[in-house]
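A.B. asks:
Protein chains: 2
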Amino acid sequence: MIKAAEKIGRPVVLQKYGGTSVATAEHIRRVAQRVVARKREGNAVVVVVSAMGKTTDQLVSLSREINQRPPWREMDMLLHAGEIISASLLAMAIEKEGEPAISFTGAQAGMITDASHTRARIQRVQADRIVEDLGRGRIVVITGFQGITADHEVTTLGRGGSDTSAVAFAAGIGANECEILTDVDGVYTADPRVVENPRKLGWCSYDEMLEMASLGARVLHSRSVEIARRFDVPLLVASSFHEAAGTWICSKERGEKEFSDMETVSVRGVAHNSNVAKISLVDVPDHPGVAAGIFTTLSRYNVQILLIVQAEHRGGANDISFLVSAETLVHVEPHLHDLAKEIGASRVVIDDQVGTVSIVGDGIQSDPSIAARMFSSLAKEGINIDLISSSNLMLACAVPKKRLEDAVRAIHREFLE
Amino acid sequence: MIKAAEKIGRPVVLQKYGGTSVATAEHIRRVAQRVVARKREGNAVVVVVSAMGKTTDQLVSLSREINQRPPWREMDMLLHAGEIISASLLAMAIEKEGEPAISFTGAQAGMITDASHTRARIQRVQADRIVEDLGRGRIVVITGFQGITADHEVTTLGRGGSDTSAVAFAAGIGANECEILTDVDGVYTADPRVVENPRKLGWCSYDEMLEMASLGARVLHSRSVEIARRFDVPLLVASSFHEAAGTWICSKERGEKEFSDMETVSVRGVAHNSNVAKISLVDVPDHPGVAAGIFTTLSRYNVQILLIVQAEHRGGANDISFLVSAETLVHVEPHLHDLAKEIGASRVVIDDQVGTVSIVGDGIQSDPSIAARMFSSLAKEGINIDLISSSNLMLACAVPKKRLEDAVRAIHREFLE
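Protein sequences, first through last, are from chains H and R.
Residue 163 in the working numbering sits at position 163 of the first sequence, with consecutive numbering throughout.
One gets the working numbering by counting positions in the second sequence from 1 and adding 1000 to each.
1) Which stretch, first to last residue, makes up the alpha helix (DSSP H) that contains R:Ile1227?
2) What did DSSP end up calling R:Gln1304 once you bin it into helix, strand or coil?
3) Verify the CB distance criterion: does R:Ala1081 have a CB-CB separation below 8 Å to chain H?
4) So R:Leu1134 is in the alpha helix (DSSP H); what residue range does that whole segment cover?
5) Mind checking H:Ala150: buried by the 16 CB within 10 Å criterion, or exposed?
6) Is DSSP giving R:Pro1347 helix, strand or coil here?
7) Could you please give me the residues that DSSP links to R:Asp1319 through a beta bridge?
8) At the level of alpha carbons, what is the spacing between H:Thr20 and H:Gly53?
9) Quick one: list the residues of chain H neighbouring R:Gln1108, beta-carbon separation under 7 Å, in chain order.
10) Would you tell me roughly how many angstroms separate the C-alpha atoms of R:Val1284 and R:Ile1122, rounded to the nearest one?
11) One question on the structure: do H:Asp185 and H:Ser224 come within less than 8 Å of each other, judged by their Cβ atoms?
12) Report the CB separation of H:Val141 from H:Val22 in whole angstroms; it is logged as a contact under 8 Å.
13) Could you pull out every unbroken beta strand (DSSP E) segment of at least 3 residues lying fully inside the segment 171-201 of chain H, listed in chain order?
14) Can a CB atom of chain H be found closer than 8 Å to the CB of R:Glu1099?
15) Distance check for R:Thr1143 and R:Ala1086, CA to CA, integer angstroms please.
16) Can you tell me the Cα-Cα spacing of R:Gln1033 and R:Ile1130, whole angstroms?
17) Note down, in chain order, every chain H residue with its Cβ under 7 Å from the Cβ of R:Ser1116.
18) Classify R:Lys1003 as helix, strand or coil using the three-state DSSP reduction.
19) With R:Val1036 as the anchor, note down where its beta strand (DSSP E) starts and where it stops.
20) Would you give the residue range spanned by the beta strand (DSSP E) that H:His272 belongs to?
21) Please list, in chain order, the chain H residues whose beta carbon lies closer than 9 Å to that of R:Lys1039.
22) Which one of R:Met1394, R:Glu1381, R:Lys1200, R:Leu1393 has the shortest CA to CA distance from R:Leu1404?
23) List the whole-angstrom C-beta distance separating H:Ala271 from H:Met212, where the pair is believed to meet the contact cut-off of C-beta under 8 Å.
24) Measure the alpha-carbon distance for H:His80 versus R:Leu1306 and round it to whole angstroms.
25) Could I get the ranges of all uninterrupted beta strand (DSSP E) runs contained in the segment 34-88 of chain H, with 3 residues as the minimum, in chain order?
26) Answer yes or no: do R:Val1267 and R:Leu1416 have a C-beta to C-beta separation smaller than 8 Å?
27) From which residue to which residue does the alpha helix (DSSP H) around R:Ala1326 run?
28) Apart from the five residues on each side of it in sequence, which residues of its chain come closer than 6 Å, Cβ to Cβ, to H:Ile8?
29) Spell out the partners DSSP gives H:Pro285 in its beta bridges.
30) Keeping to the same chain, check which residues put their C-beta closer than 7 Å to that of R:Ala1091; ignore five residues upstream and five downstream.
31) Comparing alpha-carbon positions, which option in H:Leu59, H:Arg69, H:Val357, H:Val408 lies nearest H:Leu395?
32) Residues of chain R with CB under 9 Å from H:Ala23, in chain order?
33) Quick one: Cα of H:Val324 to Cα of H:Phe375, how far?
34) Can you confirm whether H:Asn273, when its beta carbon is compared against all beta carbons of chain A, has any partner nearer than 8 Å?
35) Short check: CB of H:Val195 to CB of H:His412, under 8 Å?
36) For H:Leu62 versus R:Leu1089, is the C-beta spacing smaller than 8 Å?
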């Protein structure tokens, strides 16, 4: 990691703008003004940018017209053009505002990845050139989402790739902060589409954010938060359209020290996910290695498993239930009967009429009154709890999908209003 | 230069498709079928491709919305995305037709240029990777128009850049032939929009093609023909939409040997150009260095000069006239009066109501009867000749613009019908 600020003698700020923030020439102009303002406050500024608006979707559908199963390498080659367009246009817009700027492809910026096309893993960030251009007073604009292998093959980072790029570059240059500027202006105590007036959090910890993401909150992709946590890069999630304060995501230590004006509540937010299905394997023989066998088999089908609950049933047999995302159900469903036979379960039950509601906050499990309050608030609404899972950071319940939003509101009222 | 055919054991064919040939998914599919057919005849095939349809124009106008004077480096960055899209889509389409394919950016393909952004000069083609992939049985698809500097900066080659790329790659890998597949299906004896039934030439020499291009024929950019001549790469200009025979452009020696069924006529074609303006400097003192002074001054203004004629006038003074392309007139016009003063000319006359009509063919000048027939055919139509210029390969006349098409038809009738 380069400590860019020390070399340059100014704080280094990395800003990331998503596709909706650069959807048109007019949007790009506004982003340029905001970037320039940040520089004129005395910072060195690096910008990571996504493709304009729907560009990536349009390229994908064009490729599908030509080849339903295009080679992954060629998909990466195709898609990486989108960010090249937005990055060069943004550099032009910044120049127009009177500051020198330079755009870099993933390759030029030194984003070195493995060769797993369409979902490449970052190996390292070779940030010398970025730091050199910052040192010359330039604003550096980098294409998000893309990298290059040691063999000069173009790769893309997969879902949430631009956020991941941003955090990796922030870590690679040792940026003082990393601002994720997007169409949501922070992390809320619940989804504003469900709860009438959720509060925006001043800050939350990396771990809390990761739990919220895995439980359905769609603010940041987990991968970017994991990298931020590993390299302790403070993230700010804020609006790209207006200047309101956003939410800081940082270590618990830093958050408690720097944002001490925030009240310390255990429950930071209510997350929910309606996009799940429950699979139950009934009467699974109770001997060691059975659960391992199930999940080894499942991992072959690229299924994302969200919650696992094993309940003791009756003498010598268990029920094992797990939730998968609704999209991946189709991949796993054809194999479930073979799986049940293999492990000796009496049958498989699939229920796609469930959803999850969860509370997130550090230390939740250590205070049993919190669980009691959550379950009571659901009981008062007559909402049946199907599964329960908990960790130090969260408490999650599967409930009937048609009562899910009621459940979110009830729990939010209980803890956060 | 790598002799790819020797390494691979098959003839190597390079095909270049222009923007109109890959304008839609359906067009790309048809190009893929044609490329695959060429491979299945037993060739190793390299394809150089332009951006789809109007992509480049759209990117240019988007950049103008953002910055009227965008940095050239950023223009190159922006525009090079266009060919990345078309090249990767074409590779996908070829895979769909059942042949392995791989797309390369200019950088990956080894197109090394100088750092003159938007009009870079090719320094060398580092074609090892192309030859390696051809050796593995892959069809290699390369983005035209773009290159990379030794410092990893993206460049574009300027006007006619994709043709230039194609010929440079053909030379670099020692391709057996280079096919330029486009929306015109060959080189004609005159512009079909002016003359009713011009004939398509079976072949013409590099030199004849260069003269025709400089005199207004818009088939190939001169730069690509010059590279082809230097490395003796035979070019085929043919239609990308149907299979009709095109026109070969090659050395005179090869043309006469291989295409001997063609009649040997001196006059190969009639070219014309209505897009010119005549500038005359009147009463220029007749002493050494004056002409040099004029054209040194003009070269500063990036003016393309098409024809220069100096006529002796009366004792001690000359008139010097030259033609410039109409677009460049605006650049030079503001400086003409200073220029006239500087060299002592009595005045400057600009005439934008002229055009040029020319005949092209090797050895034209050596047969005076050809000039006589050309001038007579114009006289018979009552068309006044304003300027005359000639070389071993051409004879050009400036005539009134409003009679230009009549002049083309009269001369075509005289020599080529």
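The beta-carbon is built from N, C-alpha and C at its ideal position, and this holds for glycine as well.
C.D. replies: Straight from the coordinates:
1) For R:Ile1227, the enclosing alpha helix (DSSP H) starts and ends at 1222-1231.
2) R:Gln1304 falls in the coil class under three-state DSSP.
3) Chain H contact via Cβ: present.
4) In the DSSP assignment, R:Leu1134 falls within the alpha helix (DSSP H) that extends over 1128-1135.
5) Exposed, since its Cβ has fewer than 16 Cβ neighbours within 10 Å.
6) According to the sequence as given, residue 1347 of chain R is Arg; it is not Pro. Here R:Arg1347 sits in strand by DSSP.
7) Listed as beta-bridge partners of R:Asp1319 by DSSP are R:Ala1311.
8) Cα-Cα distance, rounded: 5 Å.
9) The contacting residues are His152.
10) If I take the Cα positions, the gap works out to 40 Å.
11) Inclusion of H:Asp185 and H:Ser224 in the CB contact set at 8 Å is not warranted, their separation being larger than that value.
12) Actually they do not touch by this definition, with Cβ atoms about 11 Å apart.
13) Taken in chain order, the unbroken stretches of beta strand (DSSP E) that lie wholly in the segment 171-201 of chain H and span 3 residues or more are 177-182.
14) Using a CB distance cut-off of 8 Å, R:Glu1099 does not count as an interface residue toward chain H.
15) The displayed chain sequence assigns Ser, not Ala, to residue 1086 of chain R. If I take the Cα positions, the gap works out to 8 Å.
16) Spanning the alpha carbons of R:Gln1033 and R:Ile1130 requires a straight line of approximately 21 Å.
17) Those do not exist, as R:Ser1116 stays about 17 Å from chain H at its closest Cβ, beyond 7 Å.
18) Looking at R:Lys1003 - three-state DSSP - the assignment turns out to be coil, as it is neither helix nor strand.
19) Here R:Val1036 belongs to no beta strand (DSSP E); instead the alpha helix (DSSP H) covers 1025-1040.
20) Taken as a continuous stretch (DSSP letters only), the beta strand (DSSP E) holding H:His272 covers 269-273.
21) Residues of chain H passing the Cβ test: none, with the nearest at roughly 17 Å.
22) Scanning R:Met1394, R:Glu1381, R:Lys1200, R:Leu1393 for the CA closest to the CA of R:Leu1404 turns up R:Glu1381.
23) Contact between H:Ala271 and H:Met212 is confirmed by a C-beta separation of about 5 Å, below the 8 Å threshold.
24) In a straight line, the C-alpha of H:His80 is about 42 Å away from that of R:Leu1306.
25) Listed in chain order, the complete beta strand (DSSP E) runs (minimum 3 residues) inside the segment 34-88 of chain H are 44-49.
26) The beta carbons of R:Val1267 and R:Leu1416 sit closer together than 8 Å.
27) Where R:Ala1326 is concerned, the enclosing alpha helix (DSSP H) stretches over 1326-1332.
28) For H:Ile8, where only same-chain residues beyond five positions count, the Cβ hits under 6 Å are Ala44, Leu134, Gly135.
29) DSSP lists H:Ala317 as partners of H:Pro285.
30) Excluding sequence positions up to five before and after R:Ala1091, its CB lies within less than 7 Å of the CB of Ala1101, Ile1102, Ser1103, Val1141, all in the same chain and listed in chain order.
31) Closest by alpha carbon: H:Val357.
32) Per Cβ cutoff of 9 Å: no residues; H:Ala23 is ~12 Å from chain R at best.
33) Taking the straight line from one Cα to the other gives about 23 Å.
34) Among the protein chains in the structure shown, which are H and R, there is no chain A.
35) Yes. Within cutoff.
36) Yes, the pair counts as a contact, with Cβ atoms nearer than the cut-off.
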